[in-house]
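The numbers in UniProt numbering rise by one with no breaks, and the one at position 65 of the sequence shown is 65.
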Amino acid sequence: MTHPTHRRTVLTAAAGTAAALVTGCSKYGDDSGGAGDADDNPPAPSGASAPTGQQDPKPAPLAATSDIPVGGGKVFKEQRVVVTQPEAGSFKAFASTCTHQGCDVASVSDGTINCPCHGSRFRVADASVAGGPATQPLPPRAITVESGSIRLA
Ligand code: FES
Numbered sequence: 001m002t003h004p005t006h007r008r009t010v011l012t013a014a015a016g017t018a019a020a021l022v023t024g025c026s027k028y029g030d031d032s033g034g035a036g037d038a039d040d041n042p043p044a045p046s047g048a049s050a051p052t053g054q055q056d057p058k059p060a061p062l063a064a065t066s067d068i069p070v071g072g073g074k075v076f077k078e079q080r081v082v083v084t085q086p087e088a089g090s091f092k093a094f095a096s097t098c099t100h101q102g103c104d105v106a107s108v109s110d111g112t113i114n115c116p117c118h119g120s121r122f123r124v125a126d127a128s129v130a131g132g133p134a135t136q137p138l139p140p141r142a143i144t145v146e147s148g149s150i151r152l153a
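Below, the structure written as structure tokens:
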């Protein structure tokens with residue numbers, strides 16, 4: 001006669017082992033045809049990480065707070081973001097892709113973020129539309145402001 005408790009214990013142990021194997025396959029991104037993990041990320045090139053010491057989880061600063069004029073802002077083309085300072089010490093960031101037809105906004109002047117393609121203007125305070133043809137605001141981007149540096153979050 002088989003003891004029911006013993007059989008349940010064995011099945012539980014087997015399930016735990018299978019979970020551990022799946023976890024092991026996905027943890028290291030092994031391309032050996034394992035658990036069907038659709039990992040599109042290529043392996044990091046060797047030497048790409050810092051050779052010693054602790055890694056800093058913070059991204060590089062986008063700008064110093066002093067780079068952003070009060071009542072205005074600055075476009076960061078490479079990062080595709082515009083940072084504004086509507087009031088002294090208050091910083092905002094928005095995606096720099098115009099919501100009209102996708103051009104990159106190019107300048108900030110007279111309290112608006114300006115798109116060169118068809119003339120849409122967005123208010124520096126909240127990126128709401130100050131002048132069309134765009135009808136939607138620029139989407140917000142998360143930033144952190146710390147010790148005089150502005151970083152994308
Ligand atoms: S794409 Fe910006 S105004 Fe048309």
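Heads up, the beta-carbon is just placed ideally off N, CA and C, and yes, glycines get one too.
In the DSSP assignment, Lys74 forms a beta bridge with Val83. Every residue with a CB closer than 5 Å to a heavy atom of the ligand FES is listed here in chain order: Cys98, His100, Gln101, Cys103, Cys115, Cys117, His118 and Ser120. Judged by pairs of C-beta atoms under 8 Å, the segment 144-152 does not touch the segment 116-125, as fewer than three such pairs exist. For Thr135, the number of other beta carbons within 10 angstroms of its own is below 16, and it is reported as exposed. Residues of the same chain with a CB within less than 6 Å of the CB of Val70, apart from the 5 flanking positions on each side, are Gln85 and Ala88 in chain order. Exposed is the label assigned to Lys77, since fewer than 16 other Cβ atoms lie within 10 Å of its Cβ. In the structure shown, the three-state DSSP call for Asp104 is strand.
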